[in-house]
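Engineer: So the sequence lines, in the order shown, correspond to chains A and B. Residue 46 in our numbering sits at position 46 of the first sequence, and the numbers go up by one each step. Residue 103 in our numbering sits at position 103 of the second sequence, and the numbers go up by one each step.
2 protein chains.
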Amino acid sequence: MAVAGPEIERLIALLAKLPGLGPRSARRAALYLVKRREAVLEPLARALAEVGERVSVCSSCGNVDTSDPCTVCLDATRDASTLIVVEDVADLWALERAAVMRARYHVLGGTISALDGFGPEDIGIGRLVARVAEGEVGEVVLAMNATVEGQTTAHYITERLEPTGVRVSRLASGVPIGGELDYLDEGTLAAAFTQRRPFG
Amino acid sequence: MAVAGPEIERLIALLAKLPGLGPRSARRAALYLVKRREAVLEPLARALAEVGERVSVCSSCGNVDTSDPCTVCLDATRDASTLIVVEDVADLWALERAAVMRARYHVLGGTISALDGFGPEDIGIGRLVARVAEGEVGEVVLAMNATVEGQTTAHYITERLEPTGVRVSRLASGVPIGGELDYLDEGTLAAAFTQRRPFG
Numbered sequence: 001m002a003v004a005g006p007e008i009e010r011l012i013a014l015l016a017k018l019p020g021l022g023p024r025s026a027r028r029a030a031l032y033l034v035k036r037r038e039a040v041l042e043p044l045a046r047a048l049a050e051v052g053e054r055v056s057v058c059s060s061c062g063n064v065d066t067s068d069p070c071t072v073c074l075d076a077t078r079d080a081s082t083l084i085v086v087e088d089v090a091d092l093w094a095l096e097r098a099a100v101m102r103a104r105y106h107v108l109g110g111t112i113s114a115l116d117g118f119g120p121e122d123i124g125i126g127r128l129v130a131r132v133a134e135g136e137v138g139e140v141v142l143a144m145n146a147t148v149e150g151q152t153t154a155h156y157i158t159e160r161l162e163p164t165g166v167r168v169s170r171l172a173s174g175v176p177i178g179g180e181l182d183y184l185d186e187g188t189l190a191a192a193f194t195q196r197r198p199f200g
Numbered sequence: 001m002a003v004a005g006p007e008i009e010r011l012i013a014l015l016a017k018l019p020g021l022g023p024r025s026a027r028r029a030a031l032y033l034v035k036r037r038e039a040v041l042e043p044l045a046r047a048l049a050e051v052g053e054r055v056s057v058c059s060s061c062g063n064v065d066t067s068d069p070c071t072v073c074l075d076a077t078r079d080a081s082t083l084i085v086v087e088d089v090a091d092l093w094a095l096e097r098a099a100v101m102r103a104r105y106h107v108l109g110g111t112i113s114a115l116d117g118f119g120p121e122d123i124g125i126g127r128l129v130a131r132v133a134e135g136e137v138g139e140v141v142l143a144m145n146a147t148v149e150g151q152t153t154a155h156y157i158t159e160r161l162e163p164t165g166v167r168v169s170r171l172a173s174g175v176p177i178g179g180e181l182d183y184l185d186e187g188t189l190a191a192a193f194t195q196r197r198p199f200g
């Protein structure tokens, strides 16, 4: 039963598409917005329109931003000798949130996947190799997901980068901080033992 | 550390204000939007702008909608002889979602609260009494929250409506459907016993 006009129902339907919002919370969010027209609804409409007009994929790293090159690539204080390779823009944002390393990025936009028919050129590995071959990069950190596809892609990239002589590293595997051994899978436990370090 | 331009950061900050989205899920939602510019971001921006231009409070019942009178008041198939009084627009939407009764509404926009200095006229009870005195309404259903403020307001409205001779009812109290006695508070259990009904 429609409780409001078609414009509001359409707004609810669009909000429900956002990750983290279901049909019920989208309704609550819409009501929140219409009750705060000047404070939230109109600024949000303007922010979306502005981002929509200006957003593009960074031609240098593959990030999405309102400028090209993106904010991360434009940041001159970053260490240009380290290049972090990630599968997706979401991974870049997650690493930046954790503030682990002020380096440059390269977003693949996917992984090599025989099942989905995704080959090396579908994720632009040639472009990555060419970027590294320019010589400014001293270390490539492969920050792929610890999945079969992620690790296959990491292995393939390592091989392709060998001729450039660049140092290639990958993320450590092991027990997540706060993790309890009892709840971890065998693969993680095995990796944590194999990669054990001297104490202190 | 800013991972994107100021427009995107502002979009994230605004999304984080929505109920159901925190700073982290707002970031995820923003990324979802910038990656689906034509399919979601731009339609959402347009929907918000349109709603923002047209939204208003219904002069008849107090609902918010893009038309005045609102969609509910304009619906001629509803039973105009029953008037459901609710505290907030969110309650109206919740009752419509449950599709309990195709009646008319009256939104108070709050409750009488000595603590907050909210008196009967702050929530327009005079307007409600005047609406009922017009004579079209045969029954007023007080659908207030089962809180002290809600019930105080319900009692006050009942007194004020007495001279009009209208029938006044209120929602049943008791065990929620699916509820387990072991988890219910004493007040609810007592109400469920006091208001027990013949079986079958």
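Glycine is no exception: its CB is placed at the ideal position from the N, C-alpha and C atoms.
Candidates G52(A), R102(A), R27(A), T153(A): which alpha carbon is nearest Y32(B)'s?
Structural biologist: The count along the second sequence starts at 1 and reaches residue 32(B) at position 32. Ranking G52(A), R102(A), R27(A), T153(A) by Cα distance to Y32(B) puts G52(A) first.
Engineer: Evaluate contact between the segment 170-190 of chain A and the segment 64-74 of chain A, counting only Cβ atoms and requiring at least three cross-stretch pairs below 8 Å.
Structural biologist: Short answer: they don't touch.
Engineer: Figure out for me which residue from V140(A), P69(A), A26(A) has the closest Cα to the Cα of L44(B).
Structural biologist: For the purposes of this step, residue 44(B) is taken as residue 44 along the second sequence, with counting starting at 1. Checking every option, the nearest Cα to that of L44(B) belongs to A26(A).
Engineer: From Y156(B) to R10(A), what does the alpha carbon distance come to, in whole angstroms?
Structural biologist: For the purposes of this step, residue 156(B) is taken as the residue at position 156 of the second sequence. For the purposes of this step, residue 10(A) is taken as the residue at position 10 of the first sequence. If I take the Cα positions, the gap works out to 38 Å.
Engineer: Taking the Cβ atom as the reference point for each residue, do E134(B) and V166(B) lie within a distance shorter than 8 Å?
Structural biologist: Walking along the second sequence from the start, residue 134(B) turns up at place 134. Walking along the second sequence from the start, residue 166(B) turns up at place 166. Not a contact, by the Cβ cut-off of 8 Å.
Engineer: Could you check the C-alpha separation between G179(A) and E87(A) for me, to the nearest Å?
Structural biologist: Along the first sequence, one-based indexing puts residue 179(A) at 179. Along the first sequence, one-based indexing puts residue 87(A) at 87. So the two alpha carbons sit approximately 25 Å from each other.
Engineer: Okay, do the segment 95-106 of chain B and the segment 71-86 of chain B touch, 3+ Cβ pairs below 8 Å being the bar?
Structural biologist: Result yes; three or more Cβ-Cβ pairs closer than 8 Å.
Engineer: Here's the rule: buried if 16 or more other CB atoms are within 10 angstroms of the residue's CB, otherwise exposed. What is A146(A)?
Structural biologist: What you label residue 146(A) is simply residue 146 of the first sequence in a count that begins at 1. The residue is exposed, with fewer than 16 neighbouring Cβ atoms inside 10 Å.
Engineer: Based on the DSSP secondary-structure assignment, which residues constitute the bridge partners of R167(A)?
Structural biologist: As a position in the first sequence, residue 167(A) is number 167, starting the count at 1. BP columns for R167(A) point to E139(A).
Engineer: Within 10 Å of its beta-carbon, does R197(B) have 16 or more other beta-carbons around it, so buried, or fewer, so exposed?
Structural biologist: Counting from 1 along the second sequence, the entry for residue 197(B) is found at position 197. So R197(B) counts as exposed.
Engineer: Establish whether the CB of E87(B) and some CB of chain A are separated by less than 8 Å.
Structural biologist: As a working note, residue 87(B) is residue 87 in the second sequence. Not closer than 8 Å to any Cβ of chain A, the Cβ of E87(B) fails to qualify, so no.
Engineer: Apart from the five residues just before and just after L217(A), which ones in its own chain have a Cβ nearer than 8 Å to its Cβ?
Structural biologist: With chain A covering 1 to 200 only, the question about residue 217(A) has no answer from this structure.
Engineer: Considering only the beta carbon of each residue, do R36(B) and P19(A) sit closer than 8 Å?
Structural biologist: As a first step, residue 36(B) is located in the second sequence; it is residue number 36 there, counting from the start. As a first step, residue 19(A) is located in the first sequence; it is residue number 19 there, counting from the start. Result no, Cβ atoms of R36(B) and P19(A) do not sit closer than 8 Å.
Engineer: Does the CB of G20(B) have a neighbour CB from chain A at under 8 Å?
Structural biologist: Position 20 of the second sequence, counted from the first residue, corresponds to residue 20(B). It does: the Cβ of G20(B) has a partner Cβ on chain A nearer than 8 Å.
Engineer: Of the residues that make up the segment 63-88 of chain A, which ones have a beta carbon closer than 8 Å to any beta carbon in chain B?
Structural biologist: Result list: N63, V64, D65, T66, S67, C70, T71, V72.
Engineer: For Y32(A), write down the residues that DSSP places opposite it in a beta bridge.
Structural biologist: Reading the first sequence from its first residue, position 32 is the one you call residue 32(A). Y32(A) pairs with nothing; no bridge assigned.
Engineer: Give a yes or no on whether the C-beta atoms belonging to S56(A) and P69(A) are separated by under 8 Å.
Structural biologist: Here residue 56(A) refers to the residue found at position 56 when the first sequence is read from its first residue. Here residue 69(A) refers to the residue found at position 69 when the first sequence is read from its first residue. Contact flag unset, no.
Engineer: Taking buried to mean at least 16 other C-beta atoms within 10 Å of its own C-beta, is E96(B) buried or exposed?
Structural biologist: Working through the second sequence from its first residue, we reach residue 96(B) at position 96. Buried, because 16 or more other Cβ atoms sit within 10 Å of the Cβ of E96(B).
Engineer: Would you please state the rounded distance, in angstroms, between the beta carbons of V175(A) and A190(A)? I believe it to be under 8 Å.
Structural biologist: As a position in the first sequence, residue 175(A) is number 175, starting the count at 1. As a position in the first sequence, residue 190(A) is number 190, starting the count at 1. V175(A) to A190(A), Cβ: 11 Å. No contact.
Engineer: Give the residues of chain B in contact with V141(A), contact being defined as C-beta atoms less than 8 Å apart.
Structural biologist: Taking the first residue of the first sequence as position 1, residue 141(A) is located at position 141. Within 8 Å Cβ-Cβ: nothing; V141(A) doesn't reach chain B, min ~17 Å.
Engineer: So, is D116(B) buried or exposed, given that buried needs 16 or more other C-beta atoms within 10 angstroms?
Structural biologist: The residue given as residue 116(B) occupies position 116 in the second sequence. That one is exposed.
Engineer: For P6(A), tell me which candidate among T71(B), V132(B), A39(B) has the shortest Cα-Cα distance.
Structural biologist: As a working mapping, residue 6(A) is identified with position 6 in the first sequence. Cα-wise, what sits closest to P6(A) is T71(B).
Engineer: Report the neighbours of Y32(A) on chain B: residues whose CB is nearer than 7 Å to its CB, in chain order.
Structural biologist: As a position in the first sequence, residue 32(A) is number 32, starting the count at 1. Result: L18, P19.
Engineer: Going by other Cβ atoms of all chains shown within 10 Å of its Cβ, with 16 needed for buried, is T194(B) buried or exposed?
Structural biologist: Locating residue 194(B) in the second sequence gives position 194, where the first residue counts as 1. T194(B) is exposed by the Cβ-count criterion.
Engineer: Taking just the CA atoms, how far does D185(A) sit from I8(B)?
Structural biologist: As a working note, residue 8(B) is residue 8 in the second sequence. As a working note, residue 185(A) is residue 185 in the first sequence. Each residue's alpha carbon lies about 38 Å from the other.
Engineer: My output table needs one value for D185(B): the three-state DSSP class, helix, strand or coil.
Structural biologist: As a working note, residue 185(B) is residue 185 in the second sequence. DSSP places D185(B) in coil when its eight states are reduced to three.
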